[in-house]
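*Asks:* The numbers in our numbering rise by one with no breaks, and the one at position 88 of the sequence shown is 524.
The beta carbon of each residue, even a glycine, is placed where N, CA and C say it ideally should be.
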Amino acid sequence: MNIALGRTKHMLLRDARELICENVHSHMPDTYILGIESSCDETAAAVVRSGEEVISNVVASQTATHSPYGGVVPELASREHLRTIVPVVRKALADAGQSYGSIDALAVTQGPGLAGSLLVGISFAKALAFALDKPLIAVNHLEGHIHAVLLEERQKGNRELLFPVLALVVSGGHTHLYLAEQHGKSWSYENVGYTRDDAAGEAFDKVAKLLGLGYPGGPVIDKVSVLGNPRAVKFPPSQIKHPDRRTPILSQKTRKDGAPIAGSPHLSKSAKGGAASLETKKAAAPPGASFKGWGQPDLDRPRFDFSYSGIKTAVLRYVETHNLKPSIEARRKILAEIPEPKLNDVLENCDRQTLGLLASFQRAMVDDLVSKTLAAAREYDVSTLFVSGGVAANSELRQTFEREAAAEGLPVFFPSRSLSTDNAAMIAAAAYPKFLAKEFAAMDFSAEAGMALK
Ligand code: KG4
Ligand code: ZN
Numbered sequence: 437m438n439i440a441l442g443r444t445k446h447m448l449l450r451d452a453r454e455l456i457c458e459n460v461h462s463h464m465p466d467t468y469i470l471g472i473e474s475s476c477d478e479t480a481a482a483v484v485r486s487g488e489e490v491i492s493n494v495v496a497s498q499t500a501t502h503s504p505y506g507g508v509v510p511e512l513a514s515r516e517h518l519r520t521i522v523p524v525v526r527k528a529l530a531d532a533g534q535s536y537g538s539i540d541a542l543a544v545t546q547g548p549g550l551a552g553s554l555l556v557g558i559s560f561a562k563a564l565a566f567a568l569d570k571p572l573i574a575v576n577h578l579e580g581h582i583h584a585v586l587l588e589e590r591q592k593g594n595r596e597l598l599f600p601v602l603a604l605v606v607s608g609g610h611t612h613l614y615l616a617e618q619h620g621k622s623w624s625y626e627n628v629g630y631t632r633d634d635a636a637g638e639a640f641d642k643v644a645k646l647l648g649l650g651y652p653g654g655p656v657i658d659k660v661s662v663l664g665n666p667r668a669v670k671f672p673p674s675q676i677k678h679p680d681r682r683t684p685i686l687s688q689k690t691r692k693d694g695a696p697i698a699g700s701p702h703l704s705k706s707a708k709g710g711a712a713s714l715e716t717k718k719a720a721a722p723p724g725a726s727f728k729g730w731g732q733p734d735l736d737r738p739r740f741d742f743s744y745s746g747i748k749t750a751v752l753r754y755v756e757t758h759n760l761k762p763s764i765e766a767r768r769k770i771l772a773e774i775p776e777p778k779l780n781d782v783l784e785n786c787d788r789q790t791l792g793l794l795a796s797f798q799r800a801m802v803d804d805l806v807s808k809t810l811a812a813a814r815e816y817d818v819s820t821l822f823v824s825g826g827v828a829a830n831s832e833l834r835q836t837f838e839r840e841a842a843a844e845g846l847p848v849f850f851p852s853r854s855l856s857t858d859n860a861a862m863i864a865a866a867a868y869p870k871f872l873a874k875e876f877a878a879m880d881f882s883a884e885a886g887m888a889l890k
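This is the structure in structure tokens:
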């Protein structure tokens, strides 16, 4: 009965919101926003019409540059962004049939991400906005991932969105759960879960590196797992051993430089390259930030946190106790000699035991992500689920979410695979409500490596 009343309330609220939105949109001329994204290892630019149609979408991946290192090397990433940003933006405009003069506004990722990478996109966008005398909108990368779902649903003509929405943003740097709300033109977010250590994508990448499968790990594990036995290795359920380090750190203790010692929501992204960790830790929060003032979780509400460093260690232990190191080294050598290894090259060099280990690892990751997200959905009585970010491209994750959410009568939406991983269309889409609300960035804003979403 209560659930039925709750749902009716949500539907009435939704109808009211839709009426407001329809009125806003019906009087608005088309708005073309050029989005720019450079937070990690993809240089991307896109043109999106009125937050609901991708007109062009260009992504230059740096995989080949970072692959030999098994993770993103921040200095190389910044240099690659510098090299490719001009041609990528030009191509996005040309593909859209637009020019610098014809677009209405620019949008750029402000954070979270690697500081040096973010700065390339931001400096370029600022210079363009200044020269063109066009408004510039600063966008949180995580909000971009959430808006990738909204953008594609609108593009399909689906405006029937039921609130409240629970969004799982799951990528190489993040495993975050947000309750998302729309208030007129703007959106707000409450974090109800995050990873205490490694992000899910980071665990995929580290396990792939450990097993000599190259970088990034997610796509290759996704493909080869289909051929392994997911019950071959039993991983214990993930346990959160250490306390939430952000609470005492952000409210009481900061380092001499004013930054928290650890626990940045973006810390794990930097771990991709290892070398970036100090820089990213430093930029994790504004000096002297207080816990709630920084827009972090409300600790009075139930939390659904994740932890993936344990499973990575369990894989390492399995490798050691089952003497897999010689075969891993052999595979690493063979694959390193193939310029762009294909699935068959990988499969030819993986025995049954390795396939079973990978399939079991993926199954454990998927089970944990899905069960925690659905537990949060139940607790907060949400009406809709979004799953976005690079790991949302994973086939088993999609299938499991679809099956399990359907069993609970919960609609679940993913972006297409190309909009799950980093792109600039999601940045331009997230910028549209800010354009309507005239939330433009001041010219002196800078990159925020540890930017929180609120
Ligand atoms: O969103 P994204 O492109 O960049 C970040 O913001 O981090 O996500 C990249 C991450 C990498 O860790 C990559 O291994 C993972 O997403 N990923 C996948 C798949 N495709 C990409 N993980 C699992 N299965 C996939 N199919
Ligand atoms: Zn991302």
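Grab the span of the alpha helix (DSSP H) containing Asn780 for me, first residue to last.
*Replies:* Leu779 to Glu784
*Asks:* Taking its Cβ as the centre, do 16 or more other Cβ atoms sit within 10 Å of Gly653, making it buried, or is it exposed?
*Replies:* Buried, because 16 or more other Cβ atoms sit within 10 Å of the Cβ of Gly653.
*Asks:* Can you give me the Cβ contacts of Arg768 inside the same chain, cut-off strictly under 8 Å, excluding the 5 residues immediately before and after it?
*Replies:* Gly648
*Asks:* Nearest-angstrom Cα distance between Ala639 and Thr545?
*Replies:* 25 Å
*Asks:* Report the residue from Leu646, Lys592 and Ser882 whose alpha carbon sits nearest the alpha carbon of Glu756.
*Replies:* Leu646
*Asks:* So the candidates are Asp880, Gly826 and Val494; which of them puts its Cα closest to the Cα of Ala530?
*Replies:* For the residues Asp880, Gly826 and Val494, the minimum Cα distance to Ala530 belongs to Val494.
*Asks:* Closer than 8 Å is the cut-off here; do at least three beta carbon pairs connect the stretch 669-678 with the stretch 795-815?
*Replies:* yes
*Asks:* How about Val585 and Pro851: do their beta carbons lie closer than 8 Å?
*Replies:* yes
*Asks:* Which two residues bound the contiguous beta strand (DSSP E) that contains Val827?
*Replies:* That residue, Val827, is in no beta strand (DSSP E); it is neither H nor E in DSSP.
*Asks:* Along the alpha helix (DSSP H) that carries Glu511, what are the first and last residues, could you check?
*Replies:* Pro510 to Ala532
*Asks:* Residue range of the beta strand (DSSP E) that Tyr625 falls in?
*Replies:* Ser622 to Gly629
*Asks:* Which residues does DSSP pair with Gln618 in a beta bridge?
*Replies:* Trp623
*Asks:* Quick one: grab the DSSP three-state call for His502.
*Replies:* Note: His502 maps to helix in three-state DSSP.
*Asks:* Residues bridged to Tyr468 by DSSP?
*Replies:* Arg485
*Asks:* Gly825: beta carbon under 7 Å from a heavy atom of the ligand ZN?
*Replies:* yes
*Asks:* Using CA coordinates, which residue listed in Glu488, Asp477, His758 and Val490 is at the minimum distance from Ser553?
*Replies:* Asp477
*Asks:* From the DSSP output, in three-state form, read off Ala480 for me.
*Replies:* strand
*Asks:* Under the DSSP definition of a beta bridge, which residues are partnered with Phe849?
*Replies:* Phe822
*Asks:* Could you check whether the stretch 736-750 touches the stretch 823-834, counting it as contact only if at least three pairs of C-beta atoms, one from each stretch, sit closer than 8 Å?
*Replies:* Flag = no, the stretch 736-750 and the stretch 823-834 do not touch.
*Asks:* For the ligand FMN, is there a heavy atom less than 7 Å away from the beta-carbon of Asp858?
*Replies:* Of the ligands one can find in the structure shown, namely the ligand KG4 and the ligand ZN, none is the ligand FMN.
*Asks:* Compare the beta carbon distance of Ser882 and Ile558 with 8 Å and say whether it is the shorter of the two.
*Replies:* yes
*Asks:* How close, in whole Å, do the beta carbons of Glu832 and Ser661 come, if the pair is a contact with beta carbons under 8 Å?
*Replies:* 7 Å
*Asks:* Is His583 near the ligand ZN, in the sense that its beta carbon is under 7 Å from a heavy atom of that ligand?
*Replies:* no
*Asks:* If contacts are defined as beta-carbon pairs under 8 Å, then Ser622 and Ala877 qualify, I think. What distance do you get, rounded to the angstrom?
*Replies:* Contact flag wrong, Cβ pair sits at about 15 Å.
*Asks:* List the residues that DSSP assigns as beta-bridge partners of Ile573.
*Replies:* Ala543
*Asks:* Tell me which residue opens and which closes the alpha helix (DSSP H) that Ala567 is part of.
*Replies:* Ala551 to Leu568
*Asks:* Taking the C-alpha atoms as reference points, what is the distance between Lys890 and Ala616?
*Replies:* So the two alpha carbons sit approximately 9 Å from each other.
*Asks:* Is Gly792 near the ligand KG4, going by C-beta to nearest heavy atom under 7 Å?
*Replies:* For Gly792, the shortest separation between its Cβ and any heavy atom of the ligand KG4 does not lie below 7 Å.
*Asks:* For the alpha helix (DSSP H) that contains Ala766, what are its first and last residues?
*Replies:* Lys761 to Glu773
*Asks:* Please determine whether the Cβ atom of Glu638 lies at a distance below 7 Å from any heavy atom of the ligand KG4.
*Replies:* yes
*Asks:* Is DSSP giving Ala607 helix, strand or coil here?
*Replies:* Note on residue identity: the sequence assigns Ser, not Ala, to residue 607. Coil at Ser607, not helix or strand.
*Asks:* If you measure from the CB of Ser819, is any heavy atom of the ligand ZN nearer than 7 Å?
*Replies:* No - the ligand ZN has no heavy atom lying nearer than 7 Å to the Cβ of Ser819.
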